[in-house]
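Remarks on the structure that follows.
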Amino acid sequence: MIMETSTKAYLPQELAYVKAEWGQDLLQGNVIKDADAKGFNPGLIVLLLVVGLLLVFLVGNYALYVYAQKTLPPRKKKPVSKKKMKKERLKQGVSAPGE
């Protein structure tokens, strides 16, 4: 049963009947059933929208990452300076040329 609000003035006996009828609906839980028929909760819609956008963002990032791993060439190693090469040779026991 859907409760309708109206501006009608009730007589005292009618008012008692309306209160009793609404009270019975509340006890049976009919009011909650009627709330479902009105549509989705706006909070639920916002939550679903935010979760959906987050999911699209994460899946998109993963797809771009996989694509980049397949198509981009590997990174070039930094060139080793002459100073570091000299230190490495000295550690290995090989003297640098010219010394």
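Residue numbers (this note's numbering): 57 to 155.
From the three backbone atoms N, C-alpha and C, an ideal C-beta is built for every residue, glycine too.
Opening and closing residue of the alpha helix (DSSP H) in which residue i lies
| i | result |
| --- | --- |
| residue 108 | 98-127 |
| residue 138 | 138-148 |
Spatial neighbours of residue i in its chain, beta-carbon cut-off 6 Å, leaving aside the 5 residues before and after
| i | result |
| --- | --- |
| residue 91 | Per-residue confidence for residue 91 stands at a pLDDT of 49, beneath the threshold of 50, marking its modelled position as unreliable; the derived number appears in the next sentence. Around residue 91: no qualifying Cβ. |
Any C-beta of chain C under 8 Å from that of residue i
| i | result |
| --- | --- |
| residue 107 | Reference to chain C is not applicable here, since this structure consists of a single protein chain. |
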